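In our numbering, the protein residues as written are 14 to 1027.
We put the CB at the ideal spot given by N, CA and C, even for glycine.
Bear in mind that the values here come from a model prediction, so they are computed numbers and not experimental data.
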Amino acid sequence: MLGPVESRSVSPVFVGRAAELETLNDALARAAAGEPQALVIGGEAGVGKTRLVEEFANAAGEGAAVVALGGCVEIGADGLPFAPFSTALRALRRELPGELAAAAAGQEEELARLLPELGEAAPTRGADRSDEEGMARLFELTARLLERVAAGRTVVVALEDLHWADASTRHLLAYLFRTLRTGRLVVLATYRSDDIHRRHPLRPLLAELDRLRTVRRIELGRFNRAEVGRQIAGILATEPAPAQVDEIFERSDGNAFFVEELAVAAHEGSCAGLTDSLRDLLLVRVEGLPESGQRVARIVAEGGSTVEYRLLAAVAQLAEDDLIEALRAAVNANILIAAPGGDGYRFRHSLVREAVGDDLLPGERSRLNRRYAEALEADPTLVPAGERVMRLASYWYHAHDPAKALPAVLDASVTARRRHAHSEQLRLLERAMELWDSAPEDIRATLRPVDYTEVYPPCGCDPDTTPLRYLDLMAEAAVAGRLCGERERALKITKRALHLLEDESDPMRAAWFWVQRSRLVQSLARGDGWKELGTAQQLVRGLPPSEVHAEVLATAANWSMLRAPGPDAMSAAERAVEYARMVGAEDIELNARLTLGGLMVDAGHIDAGLAQMYEVKEEVLTRGITTVVGRSHVNLPSALEGIGRSQDAVGILREGLRLTQEWGLRDSEAWVWTNLAESLVSLGRWDEAADAAVNAQRTGQSAKPRGGASNSLAHLALARGEVTEAARHLAAARASYGTHDPMPQNNLPMASLALGTAAAEGRLLDARAEADRVLDAGFPPGTHRYAWPLLLAAAVAESDARVQSLSTAQEGRAAFLQRLYEAVRKLTTGAPLWLAYEKWARAELDRADGRTETDTWSDVVTAFEALERPYDLARVRHRLAEALLAVGGDDERARASELLRLTRAAATHLGARPLVDATTQLAQRARLALTTAPPPADPADSLGLTTRERDVLRLVSAGRTNRQIAEELFISPKTASVHVSNILGKLGVSGRGEAAAVAHRTGMFATETLTSGT
14 MLGPVESRSV SPVFVGRAAE LETLNDALAR AAAGEPQALV IGGEAGVGKT RLVEEFANAA
74 GEGAAVVALG GCVEIGADGL PFAPFSTALR ALRRELPGEL AAAAAGQEEE LARLLPELGE
134 AAPTRGADRS DEEGMARLFE LTARLLERVA AGRTVVVALE DLHWADASTR HLLAYLFRTL
194 RTGRLVVLAT YRSDDIHRRH PLRPLLAELD RLRTVRRIEL GRFNRAEVGR QIAGILATEP
254 APAQVDEIFE RSDGNAFFVE ELAVAAHEGS CAGLTDSLRD LLLVRVEGLP ESGQRVARIV
314 AEGGSTVEYR LLAAVAQLAE DDLIEALRAA VNANILIAAP GGDGYRFRHS LVREAVGDDL
374 LPGERSRLNR RYAEALEADP TLVPAGERVM RLASYWYHAH DPAKALPAVL DASVTARRRH
434 AHSEQLRLLE RAMELWDSAP EDIRATLRPV DYTEVYPPCG CDPDTTPLRY LDLMAEAAVA
494 GRLCGERERA LKITKRALHL LEDESDPMRA AWFWVQRSRL VQSLARGDGW KELGTAQQLV
554 RGLPPSEVHA EVLATAANWS MLRAPGPDAM SAAERAVEYA RMVGAEDIEL NARLTLGGLM
614 VDAGHIDAGL AQMYEVKEEV LTRGITTVVG RSHVNLPSAL EGIGRSQDAV GILREGLRLT
674 QEWGLRDSEA WVWTNLAESL VSLGRWDEAA DAAVNAQRTG QSAKPRGGAS NSLAHLALAR
734 GEVTEAARHL AAARASYGTH DPMPQNNLPM ASLALGTAAA EGRLLDARAE ADRVLDAGFP
794 PGTHRYAWPL LLAAAVAESD ARVQSLSTAQ EGRAAFLQRL YEAVRKLTTG APLWLAYEKW
854 ARAELDRADG RTETDTWSDV VTAFEALERP YDLARVRHRL AEALLAVGGD DERARASELL
914 RLTRAAATHL GARPLVDATT QLAQRARLAL TTAPPPADPA DSLGLTTRER DVLRLVSAGR
974 TNRQIAEELF ISPKTASVHV SNILGKLGVS GRGEAAAVAH RTGMFATETL TSGT
């Protein structure tokens, strides 16, 4: 290896870029204060992006920040999955070994997909399969790892050459930019802007980053004439002549790299400085090397961004002394430089490598790739173990040798999948399909199914003896496309596969592809997927049990549970459980049992259904089955909420938050937040419910949890009298759910909200029309949990309209009320909550008919007193008080007065202004005084603090940080920060200490024990 060689091409003086450095230093200062920073630096090739990053990194390092650099690698045209992140994490591990180990604790197996040094990578689903949230889980754990490492000191992660990044790297970077919330962290990336043509894969990411207010873009421009003059002076160590500056400025147009090349050429008296093409300038410098040096440069150009010394020696086949001399000549000419770490060589600038690579002859290019591949096959230790498989696949592919390339590409596809790099897996599998017909038949006959896609049958019989088929590749590619978001490509692959299967009698494979099409059609909003599932069920009907058969039945049962529950869905779920047990498909069985339990609860078999779901929850926790843990902590609480056991649901949802956050299940976490918001609304913990709904909208990428969160926010707004806000949230819910795949669990709550909003605005006929539309369609079996609130909303609207004597209410009233009576009569009342709703709805319909019986309303109040629904209880107490006042006796008035006091207290606490107003007006009409000796005033009320802000202030007074507050109250650190800012504003103080002093002075928490945070 060579020692350091002096470089004259790079100016020792850093020129210009004052504004850009100021932006970077500001970001560093903000990060040091605990606010994560994201920056993207763009500029044409050679403009000075790397030099800017180096100057910033050196200054940051001198200021006690830890800097981790990672560069995107180009091997042929194939980026290595997650290469820059792996490099950066490796650098962090060298600098902060203890901190990184502590941050990764408990998730080493998963994070080993990016950093193998952490341990053996975790196996995927089953023996060796992908799972739906695998990539998202890896991304979330990586984000959390960086946040934890940067909790105690400032960390800068710089990723260069994003224009070469593989798709998985781009996806992970976008995820970090969207989700980083805490930590003293700067993440910056550079890219070559002149390479970003209209169809470049980086363009969508740049467009997304433009929409993120948290990402700062820096566009690096060319130097002006004065800056070019200073650069030349630094390179030549003397002041240049003005004419020389003018000539070089004109030729280079201010591009820093070309200024360097032209300045050196002029200094050395090279005629290249006068050539018409700057590319020729670069090649002339290479051609000035001895023949051995030129040969080595051509070999390095085709080997990738960096070529290890031993690999270079094996490919060059020169005597070691000759190789050293050739390298010394290239390094002295500033064409090659030693790679970071000193184990190989790379071109000083990618423009030089590209010029040399473009000058290779076609046959020369494939010959060099063959020699690289042969050398690597002969000695796999020539390159790092983590890169070996991917690089070998690239070398053989570009060597144009299908017999060698096909097996290598297939091995690489497995490596990509095991890293959750599904975009690269898809590209490699498409490459394998391209090579398939060109590969010799005897080579194809030796291939075996190298991977197992979900429940797809890897072959017609024994995978150890049956060769790999083209359809197997298509199956792998279809799933990879679905998991990486390339659903259009995946849909086309399934269409081609089913066309090929038309000529074969292989119903099992065909059924599997139809299930894939069902999922893709739904995710692309092309339909509800039932037609495709129906075809799959027809294909497996009568076949012996298998994983595919069990998956078809389980998928169909789950589809029906959400859209058309009933006996057929129950039967499919039961058979899915039976078949999955028979073939040992554990995760299919567990998912099918969850579906079966939910269907049983909906059918009225509540205890048995809940028992089934509780068993599954415990089993997945015991066995650590990540693919089911999220769903078990979403479906079971949903079932509990549906029957009125909201407090039980909240307990499981809290556990679900902990698990989904710990395991990085972001989409499942979003569903947990959504269900938590719904249960907290029921329990009257409305501020907490609003926080949970906001967290649901910020978490995960699926739109449907955001729809559920919007429903909860609309419900709260409507109850608080904010009708316009309720309508806005309802519109957001509709946008999230879309129209392509209607589900009762989405549509019925939205119909209830639309009906309630119309009634609140006095549009009774619109409210009736909404109810009529739903009643015309009918309530599917098992949807009573959503049907009861809708019928109640319609009955309340009619009841209030009669009392208010709305003129629009008369026409059609009798027929509509009769229709509501019939719907109430037919709906099941198998749970205490449903029975309470039935009593309430009947009482409202009687009131709408002019009949108000105190006994009837007493029964309703008694029913709700046994439930955990303070808002509903307050509403029916108001109705009972109204009925008692209509009777008019002294005892009745006394009882009504007490009920109204309770109602107003509850409504005031909740912020339910319409109910507060109605209660006050009723008391005034009856000449009842609702005030008694007031309890000691809560200082929080006089200061204008909400219930949630009081909770936050209590923890601030106890010395808790925002992160600790967030963990204790189950909110995000950002939400905690917003609450703290609001509190400081309301108290008129500037800091947390002053706020704690105000709380102490007013005796706000005098009866509570405050402990200092640790």
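With contacts defined by Cβ atoms closer than 9 Å, leucine 766 and phenylalanine 792 do not form a contacting pair. Counting along the chain, alanine 593 sits inside the alpha helix (DSSP H) bounded by residues 580-596. A contact between stretches requires three or more CB pairs, one per stretch, nearer than 8 Å, and the stretch 429-446 fails this requirement with the stretch 456-463. The bridge partners DSSP lists for valine 170 are Ala81, Val200.
Our two residues, valine 561 and alanine 524, have alpha carbons roughly 8 Å apart in a direct line. In the three-state DSSP reduction, valine 28 falls in the coil class, being neither helix nor strand. Counting only runs that start and end inside the stretch 510-542, the alpha helix (DSSP H) elements of at least 4 residues fall at 520-536. For glutamine 817, no beta strand (DSSP E) segment is defined, and its DSSP state is neither H nor E. In the displayed model, tyrosine 799 falls within a helix according to three-state DSSP.
Within 10 angstroms of the beta-carbon of aspartate 174 lie 16 or more other beta-carbons, which makes it buried. With contacts defined as CB atoms closer than 9 Å, arginine 103 and leucine 128 qualify as a contacting pair. Below 8 Å, enough C-beta pairs join the stretch 772-786 and the stretch 821-837 to call them touching: three or more. Asparagine 571 sits buried, since 16 or more C-beta atoms from the chains shown fall within 10 Å of its C-beta. Under the 10 Å beta carbon count, proline 217 is surrounded by fewer than 16 other beta carbons and is classified as exposed. When only Cα atoms are considered, glycine 111 and alanine 44 end up about 21 Å apart. Just so you know, the alpha carbons of leucine 575 and isoleucine 984 end up roughly 29 Å apart.
Segment contact: the stretch 75-85 against the stretch 218-236, fewer than three CB-CB distances shorter than 8 Å; contact not assigned. Shortest Cα-Cα distance from tryptophan 870 to any of Pro883, Ala849, Ala254 involves Ala849. In the structure shown, the three-state DSSP call for valine 468 is coil. The straight-line gap separating the alpha-carbon atoms of glycine 234 and alanine 269 is approximately 10 Å. In the structure shown, isoleucine 261 adopts helical secondary structure according to DSSP, grouped into three states. Boundaries of the beta strand (DSSP E) harbouring valine 53: 50-56, taken from the DSSP string. The straight-line gap separating the alpha-carbon atoms of leucine 607 and leucine 504 is approximately 29 Å. Under the three-state reduction of DSSP, phenylalanine 236 is assigned to coil, being neither helix nor strand. Per DSSP, alanine 703 is not a residue of any beta strand (DSSP E); the alpha helix (DSSP H) it occupies stretches across 699-711. Assignment of beta-bridge partners to leucine 956 by DSSP yields no partner. In the three-state reduction of the DSSP assignment, phenylalanine 792 falls in the coil class.
Three or more Cβ pairs drawn from the stretch 294-304 and the stretch 368-383 lie within less than 8 Å of each other, which places the two stretches in contact. A Cβ-Cβ separation of about 14 Å leaves arginine 530 out of contact with glutamate 515 under the 8 Å criterion. In the three-state DSSP reduction, phenylalanine 1018 falls in the coil class, being neither helix nor strand. Under a 10 Å Cβ-count criterion, arginine 838 is classified as exposed, with fewer than 16 other Cβ atoms of the shown protein chains found around its own Cβ.
Annotated three-state conformation of leucine 915 is helix, per DSSP. Sequence-distant partners of leucine 537 (beyond 5 residues in either direction) whose C-beta falls short of 8 Å from its own C-beta, in its chain, are Arg500, Glu501, Leu504. In summary, valine 816 is exposed, with fewer than 16 beta-carbon neighbours lying within 10 Å of its beta-carbon over all protein chains present. If you draw a 10 Å sphere on the C-beta of leucine 325, you find 16 or more other C-beta atoms in it, and that means buried.
Listed in chain order, the alpha helix (DSSP H) elements of length 4 or more contained wholly in the stretch 820-881 are 826-839, 845-861, 867-878.
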